[in-house]
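Working notes, beginning with the structure itself.
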Amino acid sequence: MKLIIAIVQDKDANRLSNDFIEHNIRATRLSTTGGFLKSGNTTFLVGVEDERVDDAMEVIKDASHTRQQFMTPPVNLDAQLDSTSSYPVEVQVGGATVFVLPVDQFHHF
Amino acid sequence: MKLIIAIVQDKDANRLSNDFIEHNIRATRLSTTGGFLKSGNTTFLVGVEDERVDDAMEVIKDASHTRQQFMTPPVNLDAQLDSTSSYPVEVQVGGATVFVLPVDQFHHF
Amino acid sequence: MKLIIAIVQDKDANRLSNDFIEHNIRATRLSTTGGFLKSGNTTFLVGVEDERVDDAMEVIKDASHTRQQFMTPPVNLDAQLDSTSSYPVEVQVGGATVFVLPVDQFHHF
Ligand code: NI
Ligand code: NI
Ligand code: NI
């Protein structure tokens, strides 16, 4: 048994939650702020059998890994008309920090 | 020294908090949502000496284990009068998920 | 790699957050209540290399250790004029509870 602590961006948390359910992985969600990945993080506590750690890691990685995304910057109404302002820009989103901890005992009551 | 992470239903959290105090067990309470036990969970972080792990486990089990409870379903005002609607039904409440983690160092500053 | 779980008073949390940044230590902040240090706690999750555990511990200790502080009690407007009521009194503030946990795996995605 291992305890996985996964810290992801808020924007990836719902997707990850659903993916855990889909893979029959039981996770508990904590609200967090700041730190590893700027503000707006969610921490998941995930208990898995040793042989399912790699599977859980894939699920976390798939849902929350760092990737580039095109985003249209918000229009600045005070600015002079600027033809470049409506172009989408590439930004980095996502990212996860994950700890796998040894577990001495695990109980369901 | 061990770190116990106990995830219980919100409805059992106050009782468990009081029981910890009664047993002189120091616990920190985190708000959590969803996962192991549906939405509305509370996570406790509990630091205990090795020889008190079993005692702490009993306290957690007593306060939050799964049990049947009779509950009167809310009356549905839109429904036709139905003589069964006011009978109490048996529902499952409670339940705890508990991890006991090894600790390398423990400090009070 | 170690995972440090540090529980400090809310009033020390911002200072500790800044000190972590200053020392290039990445921490995630969880909101917590009650327990180890009365109500109003903040829990930090900190991932550090083994050789930086002592450094992180110093940072936590410096920002949040128990200390005496002089505080002027709030003026009681309903009370009779009392010359002692405006004298500052010494109160104990701060305090941290810290766990250092072994880590099997650590990943950034
Ligand atoms: Ni991808
Ligand atoms: Ni019982
Ligand atoms: Ni000092």
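Going down the list, the sequences are from chains H, Y and B. So the first sequence is numbered by this note's numbering: it starts at 1 and just counts up by one. So the second sequence is numbered by this note's numbering: it starts at 1001 and just counts up by one. So the third sequence is numbered by this note's numbering: it starts at 2001 and just counts up by one. Glycine residues also receive a C-beta, built at the ideal position from the N, C-alpha and C atoms. Small disclaimer: the values here were computed from a predicted structure and weren't measured.
If we ignore side chains and look at the alpha-carbon of each, how far apart do residue i and residue j end up?
{"i": "H/T97", "j": "Y/H1107", "result": "25 angstroms"}
{"i": "Y/D1050", "j": "B/V2103", "result": "19 angstroms"}
{"i": "H/V100", "j": "Y/P1088", "result": "44 angstroms"}
{"i": "H/M71", "j": "H/G94", "result": "14 angstroms"}
{"i": "H/L45", "j": "B/Q2009", "result": "23 angstroms"}
{"i": "Y/N1024", "j": "Y/T1066", "result": "24 angstroms"}
{"i": "Y/E1022", "j": "B/M2001", "result": "36 angstroms"}
{"i": "H/D54", "j": "Y/A1006", "result": "24 angstroms"}
{"i": "H/G34", "j": "B/T2043", "result": "Residue placement at H/G34 cannot be trusted, given a pLDDT of 41 that sits under 50; the coordinates are not used to answer."}
{"i": "B/S2064", "j": "B/P2073", "result": "22 angstroms"}
{"i": "Y/R1052", "j": "Y/R1026", "result": "12 angstroms"}
Looking at residue j and residue i, is the spacing between their C-beta atoms short of 8 angstroms?
{"i": "H/K11", "j": "B/F2109", "result": "no"}
{"i": "B/N1949", "j": "Y/T1028", "result": "Past the edges of chain B, shown from 2001 to 2109, lies residue 1949 of chain B, and the structure says nothing about it."}
{"i": "H/I4", "j": "H/V59", "result": "no"}
{"i": "H/Q105", "j": "H/V91", "result": "no"}
Based on Cα-Cα distance, which residue from the options lies nearest to residue i?
{"i": "H/D19", "options": "H/M57, H/M1 and H/L3", "result": "H/M57"}
Assuming residue i and residue j form a contact by the criterion Cβ under 8 angstroms, report the distance between their Cβ atoms to the nearest whole angstrom.
{"i": "H/F30", "j": "Y/L1030", "result": "Strictly speaking, residue 30 of chain H in this sequence is Leu, with Phe absent from that position. Rounded, the Cβ-Cβ distance is 6 angstroms, consistent with contact."}
Quiz item: Which full runs of the alpha helix (DSSP H) of 4+ residues lie inside the region 2007-2074 of chain B, going along the chain?
Solution: 2010-2022 and 2053-2064
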